[in-house]
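Numbering (my numbering), first residue to last: 28 to 951. We put the CB at the ideal spot given by N, CA and C, even for glycine.
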């Protein structure tokens, strides 16, 4: 008999026939004994393993039964299951168990021995290679794959797997020494994918790929590995990175696009040679360094024959920015000054540096600057004016260029002092275009991963905010998962909780130097001198944003963190002030500080946009707040939106719809929707249903997205039920009925209306019952369903003729009159409108009288009594003026304008329209 455990469990007879037990517990028992042949395994331990630590009282008896069955199974030569003391033993020839054959081959190959091999045993490499190969060939898949015991696999598998990986690494090392490294590349690649944290596997794989001439694939493997690290790479990976860096003197071929920015750098050269530094600014990960390096290497090399100086100023490094004196020391050494002859003070070093730069056509690249004060000693002097009228004392090049150095600065801070005091030439760098972002992914992943589904590639680019660093991290993540499609990663990035982590891999300094591409990497300088070549440790999206966040003043950092509770992409000053509980003036100052480092972008005055990945990072920071801090801030945010929506819904009601309200709602809809859901999630039920109801009214008034409309109303209705407020249930149920009317689902709308009316009855509120039916009738009218609306409106008039509801009569008569006009029955409409006017007048007039007069004017116009209609409209204007409601007066002027224009009196109509618009603006 033979037992194979290095893969699915298999028991074979001498003739090769499989007799593997089908019962999982018998496989578990056999496996537990087979991994320790000729060793007694205690009964208690076997029970624990077979039943995965949850044995029933009958386990001991059941174990005896399984032992008996296995004894019958093993009734053949080679292996015997015996009882020994308080346990059992699988006795026989160890070679009949593949695990034991594997470990003995490892011993003979010297893998298990810490020192040199014993006499008669082969050293790794040479004679050991066949032994290592034979040991690996025993594996058919994950060991003990279906052994029936999770506990046994947890105890045995890690050690076996580690030994297998060590054998694979030793085999690769031996083949590398023999010049045959490519033979193990496929096996190493599979193992490296399965064990991404084992750096030695990837390091051997990279060497094997390089030895077989597959340099591009080797580099891709290296980049994948370092992108996944949570810490710095180990020695072997570092050496691989150094090899790649040595081969990469020119920018990465994956640099794409940026033609307008490259043209602007060309155009800035004359100003830069005149002493005005070029300032490339942009958010973390936008590719500022890569752009400048590409420009210098590919398009500006002919302009800088005297070389290049480059320094990473580490302006946003966790350890703080570099001291200018240190940078100047490196520059001076690069310019030929002996280290022991360096001036001591920063001022003396700066003076010497500027003297040596004078008249040289060099580029000075100052990466990741923190402040104007840090830059000031490092900026070259502008060329001296030539008294004879020439361009400079240094003369000109053959191409007519001034012989002077050019300073190019990159920073994620806007560095306004550099622009003002040094006359800097600003070059703001945004995200890539959609086309260039897709091209970057295609170049990195290869056409086989991107050509079949360009829409999925475009969606992935959008999910990465079109940021080069995020795109490269996404590409590295996809490269590490060959079976994933771009759509798979897009769905992972869409996860609110874990999406940002998927783009927070680590890029070592060696990778950044070797393959800056469009990323935000750091590289060494080239030319006559070199700047700082020191790396900055792991670079991922979260790390890059962390570096910006740490430089914020405490008050700005607090505001940014609190903004993480806001779900929208755009935030206005008032909302931010409410969320942070700060005065507007203070909030504006802090928002400007966030804008200065590109954590926000002031899209329009007082409104600040942020990229989705920055919003998620802020939400991640907000999660670090205490529960009390979050709840209090969320309550402020909810209260703010309750106040604001109250104003906009009132404006919509007053003027019969408002373009200003519609524009505001389009901007804030996604945030309002998310705040409603957030309020429900955190148990703010009363606030939730109130905000949901007001938001539903805005959906109704503006006709915005119905899918989102439904989500908001259903969340509000759920909160109303949870709050036990029947009046709220009635209002939200009516909102849902109105929505279904807009969707032409009239039967469903009727069901929701019935439930809403029942809730109003339970609340004992006859006026609310009337209001529910009135809103639904109005929605039916908007939908053109007059045959459904008119009976309902007629019933409402009848219901309003009771003493308890007579205060609703004027409104009901007006609504029925307007509906009859729309339905083509102006005669009955005029009858109801006249009654409404009389009833309103008897009730002391006011707004009801104005609206009733509107209905009378519309009915008269529909009957062809144009002069009478105009008289009623003018009366409505006069009545509206006495009411003192600008919105209502605006509606009256609007009605008058409509009637005048239909009569061909355009000049008078235009004047009435202007008056209506002015009053509406005053009312808002």
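Contact under 8 Å by Cβ, residue i with residue j
| i | j | result |
| --- | --- | --- |
| residue 458 | residue 313 | yes |
| residue 920 | residue 905 | no |
| residue 596 | residue 639 | yes |
| residue 742 | residue 715 | yes |
| residue 483 | residue 517 | yes |
| residue 790 | residue 760 | no |
| residue 69 | residue 113 | yes |
| residue 299 | residue 194 | no |
| residue 850 | residue 860 | no |
| residue 472 | residue 500 | no |
Chain C contact for residue i (CB, 8 Å cutoff)
| i | result |
| --- | --- |
| residue 743 | Given the protein chain composition of this structure (a single chain), no chain C is represented. |
Per-residue DSSP class, three states only, for residue i
| i | result |
| --- | --- |
| residue 438 | strand |
| residue 220 | helix |
| residue 111 | strand |
| residue 266 | helix |
| residue 592 | coil |
| residue 155 | helix |
| residue 204 | helix |
| residue 945 | helix |
| residue 118 | strand |
| residue 12 | Residue 12 lies beyond the stretch modelled for the chain, which goes from 28 to 951, so this question has no answer here. |
| residue 573 | helix |
| residue 339 | strand |
| residue 599 | strand |
| residue 371 | coil |
| residue 31 | strand |
| residue 256 | coil |
For residue j and residue i, the rounded distance between their alpha carbons
| i | j | result |
| --- | --- | --- |
| residue 936 | residue 890 | 21 Å |
| residue 751 | residue 745 | 10 Å |
| residue 671 | residue 608 | 16 Å |
| residue 551 | residue 674 | Summary for residue 551: the model assigns pLDDT 32, below 50, so the residue's position carries little reliability, and this model does not support an answer. |
| residue 406 | residue 399 | 10 Å |
| residue 647 | residue 447 | 36 Å |
| residue 292 | residue 720 | 53 Å |
| residue 942 | residue 930 | 19 Å |
| residue 23 | residue 695 | Residue 23 lies beyond the range of the chain shown here (28 to 951); nothing can be said about it. |
| residue 698 | residue 397 | 34 Å |
| residue 53 | residue 704 | 52 Å |
| residue 334 | residue 353 | 20 Å |
| residue 486 | residue 643 | 18 Å |
| residue 924 | residue 894 | 14 Å |
| residue 237 | residue 170 | 31 Å |
| residue 210 | residue 490 | 39 Å |
| residue 610 | residue 604 | 6 Å |
| residue 795 | residue 802 | 10 Å |
| residue 498 | residue 713 | 43 Å |
| residue 788 | residue 677 | 26 Å |
| residue 823 | residue 841 | 11 Å |
| residue 814 | residue 700 | 34 Å |
| residue 84 | residue 56 | 18 Å |
| residue 192 | residue 449 | 59 Å |
| residue 402 | residue 351 | 7 Å |
| residue 6 | residue 729 | For the chain, the structure presents residues 28 to 951; residue 6 sits outside this window and is missing. |
Q.
Quick check on the DSSP output: what are the complete alpha helix (DSSP H) runs of length 4 or more inside the stretch 430-487, in order along the chain?
A. 443-448, 461-472 and 474-477
Q. Which runs of the alpha helix (DSSP H) spanning at least 4 residues fall entirely within the stretch 877-939, listed in chain order?
A. 893-910 and 913-929
**Q.** beta strand (DSSP E) runs contained entirely in the stretch 715-750, provided each spans 3 or more residues
**A.** none
Q.
Can you confirm whether the stretch 779-789 touches the stretch 721-739 when touching is taken to mean that 3 or more C-beta pairs between the two stretches lie within less than 8 Å?
A. no
Q) Contact between the stretch 311-325 and the stretch 372-383: three or more CB pairs below 8 Å? A) no
Q: Taking 8 Å as the threshold, find out whether the stretch 168-179 comes into contact with the stretch 198-214 through three or more Cβ pairs.
A: no
Q) Does the stretch 870-884 come within contact of the stretch 901-916, defined as at least 3 CB pairs closer than 8 Å? A) yes
Q) Quick one: complete beta strand (DSSP E) runs, 3+ long, within the stretch 623-703? A) 628-631 and 634-636
**Q.** Inter-stretch contact at 8 Å, needing at least 3 Cβ pairs: the stretch 261-268 / the stretch 214-228
**A.** yes
Q. Counting Cβ pairs, one atom from each stretch, are 3 or more of them under 8 Å apart for the stretch 629-638 and the stretch 587-602?
A. yes
(Q) Check whether the stretch 72-92 and the stretch 123-134 are in contact - that is, three or more C-beta pairs closer than 8 Å. (A) no
Q | Whole beta strand (DSSP E) elements within the stretch 762-825, 3-residue minimum | A | none
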